């Protein structure tokens, strides 16, 4: 029996730390798992398929005349706004699904495997970028159908789409954190919407900030979501990269830097 | 010979407290490599919590434990490379197929895409799951799920396997299949630490047994030692002629010095047997007095009796069932 033990020990070098390369590989395997699950249960895609279509139609026709004078003039403003709002709303689901997932026994096995601790979380979040990509594509296509002709050209629109997806992934760490600490999936949803609504509606996504009272304007201008919306507008409509893009990315980086370690730590502490 | 190869598990004074409840209250365990070690106890005794601590899933509040000489807290990542864990509730992904589950676990363990496919196919074949390989797990029976769960624990061929109540809730046929699988694992050189609330299971599989109750180890030893600690075996006799009963009792009192018990069915006698050597005298006396036996056997104490003696309470099947339901609710 000694021989067997040593053989195993010699067969695989034992290391007490996980390399960055292994963390990335583990996360991608976990993302593959997430994508398989999305393929098994396509009904969970309803929020990222139906919502972009309904919201784009609704907001454009309700607010178009009032805010911009005409629907055609409102489209360059509202499509980036709707895009950001829809995709970030889609990232709330990350938290609720993570909660449901973690309650299943399979997470016990993940914890007992010699893999990067962050992988089950990072993988789940990575797989959800597929959902954001679907929402992004549908919103942009709806915009074009309604008559939006982004002046920045296809290349810049794609760039804007990638920017939105990256930022949504970063923001999803907030909801992942709620997912890990909350007791049930429904409470995750409750807390998440409390954060989500101020974040998306108290921004320049739907209306220009100029008309707002000063105190609100200050918040809206500081809100990273506003910078993201402005960056997307500049990219898509005029093909320009402005300081808002960097501010949006900075905001995203700060969110990840704060919430990723917090989330992983709480995840590790939970039994 | 390196000491870390001799002992698969060494735990000293493990403690885990949940609020007011001292779930594990100073557990010591030593499991020799290449053996099956049974942790026997009723629900809520602290079995699963102990395993969780040894498998790096829970941090002990006090005490220490090593797996093949590696500390479960300081060298957790090394320990995880040496163990396979099959938890009480199947740790597999319900929404995926059996193959997808095994491929994902294999990939996580560092196998290449093609290695993962081959390993999964081999394990599914070994556990008789090939036909169900592509079906979603929702359609799997309890036994199939457990087998898949065990298969998933064996991907990396870990030298130590934790099995938390591997047969709870399985029908007798599936249970004996599981036992065969566990025996095969040990023949291949693995060390197995299993928990069970079935006395028979510990008796059948384990080389050594720790009896655990309310978070403490109340007894430890081989099944034989545990049984011997409870008391003597008993001699059971059936007389050819039921009319000899009184005469037989008298002879037993004279030769063995004990009072025999007459069973309700006439002709059946049970006598405590402290010294097997004196039974020879008894049989000679029976022959001399013309008492003929139609049957004789020696009954060893069962683990049930061991359990009752050690813990002061038996394994009450009703309360076990109730606690299982409670546990499941907590889990959900």
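Protein chains in written order, with our numbering: chain X, 739 to 1009; chain C, 76 to 407. Ideal Cβ positions, reconstructed from N, Cα and C, are used throughout, including at glycine. All values derive from a computational prediction rather than experimental measurement.
Leaving out five residues before and five after residue 410 (chain C) in sequence, what residues of the same chain have Cβ atoms less than 6 Å from its Cβ? Shown here, chain C extends from 76 to 407; a query on residue 410 (chain C) therefore has no answer.
Which residues bound the beta strand (DSSP E) around residue 140 (chain C)? Per DSSP, residue 140 (chain C) belongs to the beta strand (DSSP E) from 137 to 142.
Mind pulling the alpha helix (DSSP H) runs of 4 or more residues that sit fully within the stretch 841 to 872 of chain X? 844 to 850, all fully within the stretch 841 to 872 of chain X.
If we call anything under 9 Å between Cβ atoms a contact, is residue 154 (chain C) one with residue 268 (chain C)? Going by C-beta atoms, residue 154 (chain C) is not nearer than 9 Å to residue 268 (chain C).
Following the continuous alpha helix (DSSP H) through residue 755 (chain X), name the residue where it begins and the one where it ends. Looking at the DSSP string, residue 755 (chain X) is not in any alpha helix (DSSP H), and its letter there is neither H nor E.
Tell me which residue opens and which closes the beta strand (DSSP E) that residue 101 (chain C) is part of. It spans 96 to 107 - the beta strand (DSSP E) in which residue 101 (chain C) sits, taken as one unbroken run.
So, helix, strand or coil for residue 85 (chain C), using DSSP? In this structure, DSSP gives residue 85 (chain C) an extended state, which the three-state scheme calls strand.
Where does residue 930 (chain X) fall in DSSP's three states? If DSSP states are grouped into helix, strand and coil, residue 930 (chain X) belongs with the helices.
Excluding five sequence neighbours on each side, which residues of the same chain lie with their C-beta closer than 7 Å to the C-beta of residue 886 (chain X)? If we look at residue 886 (chain X) and ignore the five residues flanking it on each side, its Cβ neighbours are 813, 814, 817.
List the residues of chain X that residue 131 (chain C) touches, going by C-beta distances under 9 Å, in chain order. Residues of chain X with a Cβ closer than 9 Å to the Cβ of residue 131 (chain C) are, in chain order, 849, 850.
If we call anything under 9 Å between Cβ atoms a contact, is residue 993 (chain X) one with residue 873 (chain X)? Not a contact, by the Cβ cut-off of 9 Å.
Please state whether DSSP places residue 991 (chain X) in a helix, a strand or coil. If DSSP states are grouped into helix, strand and coil, residue 991 (chain X) belongs with the helices.
Could you work out which residues of chain X lie near residue 150 (chain C), taking near to mean beta carbons separated by less than 9 Å? The answer, in chain order, is 752, 754.
Is the Cβ-Cβ distance between residue 181 (chain C) and residue 236 (chain C) less than 9 Å? Going by C-beta atoms, residue 181 (chain C) is not nearer than 9 Å to residue 236 (chain C).
Mind listing which residues of the stretch 247 to 269 of chain C have their C-beta closer than 9 Å to chain X's C-betas, in chain order? Of all residues in the stretch 247 to 269 of chain C, 263, 264, 265, 266 have a Cβ within less than 9 Å of some Cβ in chain X.
Residue 834 (chain X) beta carbon less than 9 Å from that of residue 924 (chain X): Inclusion of residue 924 (chain X) and residue 834 (chain X) in the CB contact set at 9 Å is warranted, their separation being smaller than that value.
Report yes or no: is there a C-beta of chain X within less than 9 Å of the C-beta of residue 175 (chain C)? At least one chain X Cβ lies under 9 Å of residue 175 (chain C).
Kindly give me the distance between the Cβ atoms of residue 199 (chain C) and residue 227 (chain C), rounded to whole angstroms, as I take these residues to be in contact under 8 Å. Not really, about 11 Å apart at Cβ, beyond 8 Å.
How big is the Cα-Cα spacing for residue 281 (chain C) and residue 297 (chain C)? The straight-line gap separating the alpha-carbon atoms of residue 281 (chain C) and residue 297 (chain C) is approximately 8 Å.
Counting pairs of beta carbons, one from the stretch 176 to 192 of chain C and one from the stretch 838 to 856 of chain X, are three or more of them closer than 8 Å? Segment contact: the stretch 176 to 192 of chain C against the stretch 838 to 856 of chain X, three or more CB-CB distances shorter than 8 Å; contact assigned.
Taking residue 318 (chain C) as the reference, give the member of C:141, C:135, C:337, C:246 with the closest Cα. Minimum Cα distance to residue 318 (chain C) is reached at C:337.
Is the beta carbon of residue 776 (chain X) less than 9 Å from the beta carbon of residue 782 (chain X)? Contact annotation: residue 776 (chain X) and residue 782 (chain X) have beta-carbon atoms nearer than 9 Å.
Contacts of residue 779 (chain X) in chain C (Cβ-Cβ under 8 Å): Per Cβ cutoff of 8 Å: 170.
Leaving out five residues before and five after residue 211 (chain C) in sequence, what residues of the same chain have Cβ atoms less than 8 Å from its Cβ? Counting only Cβ-Cβ distances below 8 Å, and skipping sequence neighbours, we find 169, 170, 171, 172.
Since residue 182 (chain C) meets chain X, which of its residues come closer than 7 Å, beta carbon to beta carbon? Within chain X, the residues near residue 182 (chain C) are 767.
Cβ-based neighbour list, residue 795 (chain X), same chain, cut-off 8 Å, excluding 5 preceding and 5 following: Closer than 8 Å at Cβ, skipping near neighbours: 880, 884.
Please state the DSSP three-state secondary structure of residue 790 (chain X). Looking at residue 790 (chain X) - three-state DSSP - the assignment turns out to be helix.
Taking the CB atoms as reference points, tell me whether residue 158 (chain C) and residue 130 (chain C) lie closer together than 9 Å. Result yes, Cβ atoms of residue 158 (chain C) and residue 130 (chain C) sit closer than 9 Å.
Any chain X beta carbon closer than 9 Å to residue 166 (chain C): It does: the Cβ of residue 166 (chain C) has a partner Cβ on chain X nearer than 9 Å.
Apply the 10 Å Cβ neighbour rule to residue 762 (chain X) and answer buried if 16 or more other Cβ atoms are within range, or exposed otherwise. Here residue 762 (chain X) is exposed, its C-beta having fewer than 16 other C-beta atoms within 10 Å.
Residue 985 (chain X) versus X:751, X:830, X:965, residue with shortest Cα-Cα distance: It is X:965 whose Cα lies nearest to the Cα of residue 985 (chain X).
Taking C-alpha atoms, which residue in C:273, C:143, C:312 lies nearest to residue 372 (chain C)? Closest option to residue 372 (chain C), judged by alpha-carbon separation, among C:273, C:143, C:312: C:312.
Is residue 271 (chain C) closer than 9 Å to residue 240 (chain C) when the C-beta atoms are compared? A contact, by the Cβ cut-off of 9 Å.
In chain X, what lies closer than 8 Å to residue 158 (chain C) by C-beta? 850, listed in chain order.
Cutoff 9 Å: residue 764 (chain X) Cβ touching any chain C Cβ: Yes - at least one Cβ of chain C is within 9 Å of the one on residue 764 (chain X).
Counting only C-beta atoms, is residue 846 (chain X) closer than 9 Å to chain C at any point? Yes - at least one Cβ of chain C is within 9 Å of the one on residue 846 (chain X).
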